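*Asks:*
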Ligand SMILES: Cc1cc2nc3c(=O)[nH]c(=O)nc-3n(C[C@H](O)[C@H](O)[C@H](O)COP(=O)(O)O)c2cc1C
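In the UniProt record's numbering, the protein residues as written are 1 to 332.
#1: Starting from the Cα of residue 254, find the closest Cα among 302, 283 and 287 and give me that residue.
#2: Just checking residue 64 against ligand 1 - is the residue's beta carbon closer than 7 Å to any of the ligand's heavy atoms?
#3: Going by the CB atoms, is the gap between residue 175 and residue 286 shorter than 8 Å?
#4: Roughly how many whole angstroms lie between the Cα atoms of residue 85 and residue 230?
#5: Give me the DSSP bridge partner(s) of residue 30.
#6: Mind checking residue 132: buried by the 16 CB within 10 Å criterion, or exposed?
#7: Any heavy atom of ligand 1 closer than 7 Å to the beta-carbon of residue 97?
#8: Which full runs of the beta strand (DSSP E) of 3+ residues lie inside the stretch 168-255, going along the chain?
#9: For residue 313, is the classification buried or exposed, using 16 other Cβ atoms within 10 angstroms of its Cβ as the cut-off for buried?
#10: Can you determine whether any heavy atom of ligand 1 sits closer than 7 Å to the C-beta of residue 71, and answer yes or no?
#11: Distance, Cα to Cα, residue 332 vs residue 77?
#12: Tell me which same chain residues have a C-beta within less than 7 Å of the C-beta of residue 14, skipping the five on either side of it?
#13: Counting only the same chain and skipping the five closest in sequence on each side, list residues whose C-beta sits under 6 Å from that of residue 17.
#14: If we count the other Cβ atoms within 10 Å of its Cβ and call it buried at 16 or more, is residue 143 buried or exposed?
#15: Does DSSP put residue 82 in a helix, in a strand, or in coil?
#16: Taking 7 Å as the line, does the beta carbon of residue 53 fall inside it for any heavy atom of ligand 1?
#17: Residue 332 by DSSP, collapsed to three states: which one?
#18: Would you tell me roughly how many angstroms separate the C-alpha atoms of residue 296 and residue 243, rounded to the nearest one?
#19: Three or more C-beta pairs under 8 Å: does that hold for the stretch 167-174 against the stretch 188-196?
#20: Label residue 95 either buried or exposed according to how many other C-beta atoms from any shown protein chain fall within 10 Å of its C-beta, with 16 as the threshold for buried.
#21: Using the beta-carbon count (16 or more within 10 Å), is residue 298 buried or exposed?
#22: I believe residue 237 touches residue 153 by the beta-carbon criterion, under 8 Å. Please report the beta-carbon distance rounded to the nearest angstrom.
#23: Who are the near neighbours of residue 250 in its chain, counting only those whose CB is closer than 6 Å to its CB and skipping five residues on each side?
#24: Regarding residue 170 and ligand 1, is the C-beta to nearest heavy atom distance less than 7 Å?
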């Protein structure tokens with residue numbers, strides 16, 4: 001059985017959900033176009049929204065688009081449709097990173113074990129201190145299985161691993177803070193005074209750790225953060241997300257895995273923030289690999305725990321990211 005073409009409001013619904021995904025500096029580097037038959041969506045990377053000094057290969061950009069793609073899949077399921085995804089379908093068109101065909105009804109209402117749709121609007125980066133409470137093994141087991149299902153390995157680190165990753169992140173954060181070009185680039189994504197549809201508003205910036213255990217990213221460079229320092233959890237719970245390869249398709253998989261883990265964590269009341277600094281320098285990124293886990297490429301470092309949810313950050317309006325040029329709706 002083939003579903004009806006997607007109606008205009010359904011196209012907007014899908015794109016609004018996709019656009020709520022996390023992205024490096026809230027750059028939102030994505031665009032969407034409906035298929036001519038209105039039975040699916042083209043997903044594009046928007047290279048005009050790249051962060052080129054911090055992310056010269058576009059790796060984090062594609063991780064971000066992967067997260068948006070995962071949200072699109074969840075929203076498609078919410079419409080009762082089975083999302084059929086093809087990554088990088090056309091070698092001649094590298095910006096087209098995926099197609100999502102939504103032509104068939106979903107055979108199962110809960111392919112991810114639970115409905116993750118509500119979590120899309122509840123998920124935010126939480127840069128506040130967490131309480132000293134472990135994520136239970138039953139929950140971390142679910143997160144690990146979810147990542148694996150998306151083709152990535154989520155490793156929750158033991159104490160020695162946490163200390164290794166913290167040291168690398170401190171090192172990377174220090175280097176980033178003295179790299180004037182990177183600091184300047186990051187500042188272009190800060191929206192401290194005027195509200196905007198992208199970038200990071202002051203309300204979303206967290207404090208620095210009073211005891212300097214947890215190297216939260218200082219988005220403002222050397223100038224003091226807008227909030228005073230606070231005491232963070234004594235030993236943060238950190239996880240690395242690793243893929244076997246390190247090509248565009250691996251980055252897109254990593255992004256989907258990150259978002260699936262993040263939405264599932266949100267549904268369990270677990271907060272997440274990204275500690276990406278060490279992934280942004282080749283040598284510290286290399287050091288993030290767990291020598292006992294064998295080869296693999298670390299794509300993300302996540303900090304998990306219990307604490308405040310973090311504020312919602314702005315998103316670009318659907319009309320700016322949904323390209324309807326030449327599209328005539330076949331719905332109805
Ligand atoms: C690839 C990637 C790297 C990120 N790196 C960091 C980071 O180093 N520090 C941080 O606090 N947030 C980081 N973030 C989170 C983004 O800043 C955040 O997703 C964005 O500002 C939107 O906010 P939201 O997650 O609350 O929706 C990263 C997100 C992605 C996808």
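From the three backbone atoms N, C-alpha and C, an ideal C-beta is built for every residue, glycine too.
Predicted model only: the values in this text are computed from it and were never measured.
*Replies:* Judging by the given coordinates:
#1: Translated into the one-based positions of the chain shown, residue 254 becomes position 254. Looking at the Cα atoms, 302 is the closest of the given residues.
#2: Counted from its first residue, the chain shown places residue 64 at position 64. Indeed, a heavy atom of ligand 1 lies less than 7 Å from the Cβ.
#3: Residue mapping note: residue 286 aligns to position 286 of the chain shown, counting from 1. Residue mapping note: residue 175 aligns to position 175 of the chain shown, counting from 1. Not closer than 8 Å, so no.
#4: Translated into positions along the chain shown, residue 85 becomes position 85. Translated into positions along the chain shown, residue 230 becomes position 230. Those two C-alpha atoms are separated by around 43 Å.
#5: By one-based count along the chain shown, residue 30 stands at place 30. Residue 30 is bridged to 45.
#6: For this step, residue 132 is matched to residue 132 along the chain shown. The residue in question, residue 132, is exposed, as its Cβ has fewer than 16 Cβ neighbours within 10 Å.
#7: Reading the chain shown from its first residue, position 97 is the one you call residue 97. No, since every heavy atom of ligand 1 falls outside the 7 Å radius drawn around the Cβ of residue 97.
#8: 237-243
#9: Counting from one through the chain shown, the residue named residue 313 turns up at place 313. Buried is the call here.
#10: One-based indexing of the chain shown puts residue 71 at position 71. Not under cutoff, so the answer is no.
#11: Start at 1 with the first residue of the chain shown, and residue 332 comes out as number 332. Start at 1 with the first residue of the chain shown, and residue 77 comes out as number 77. For residue 332, the predicted model reports a pLDDT of 48, less than 50, meaning its position is unreliable and no value from the coordinates is stated.
#12: For the purposes of this step, residue 14 is taken as residue 14 along the chain shown, with counting starting at 1. 41, 72, 75 and 76.
#13: Mapped onto the chain shown, residue 17 falls at position 17. Within the same chain, 71, 75 and 120 come within 6 Å of residue 17 by CB-CB distance, once the 5 residues on both sides are set aside.
#14: Sequence index remark: in the chain shown, residue 143 carries index 143 (1-based). The residue is buried, with at least 16 neighbouring Cβ atoms inside 10 Å.
#15: The residue you call residue 82 lines up with position 82 of the chain shown. In the structure shown, residue 82 sits in a strand (DSSP, three-state: E or B).
#16: Position 53 of the chain shown, counting from 1, holds the residue named residue 53. Residue 53: no, Cβ never under 7 Å from ligand 1.
#17: In the chain shown, counting from the first residue as 1, residue 332 sits at position 332. Low per-residue confidence applies at residue 332: pLDDT is 48, beneath 50, and the placement is therefore not dependable, though the value from the model is reported in the following sentence. Looking at residue 332 - three-state DSSP - the assignment turns out to be coil, as it is neither helix nor strand.
#18: Indexing the chain shown from 1 puts residue 296 at position 296. Indexing the chain shown from 1 puts residue 243 at position 243. Cα to Cα, residue 296 sits roughly 6 Å from residue 243.
#19: no
#20: Stepping through the chain shown from its first residue, residue 95 is reached at position 95. Looking at its Cβ environment, which holds fewer than 16 other Cβ atoms inside 10 Å, residue 95 is exposed.
#21: Your numbering for residue 298 matches position 298 in the chain shown. Buried, since its Cβ has 16 or more Cβ neighbours within 10 Å.
#22: Residue numbering aside, residue 237 sits at position 237 when the chain shown is read from its first letter. Residue numbering aside, residue 153 sits at position 153 when the chain shown is read from its first letter. About 17 Å; that fails the 8 Å criterion.
#23: Position 250 of the chain shown, counting from 1, holds the residue named residue 250. The residues are 243.
#24: Locating residue 170 in the chain shown gives position 170, where the first residue counts as 1. Incorrect: residue 170 has no Cβ contact closer than 7 Å to ligand 1.
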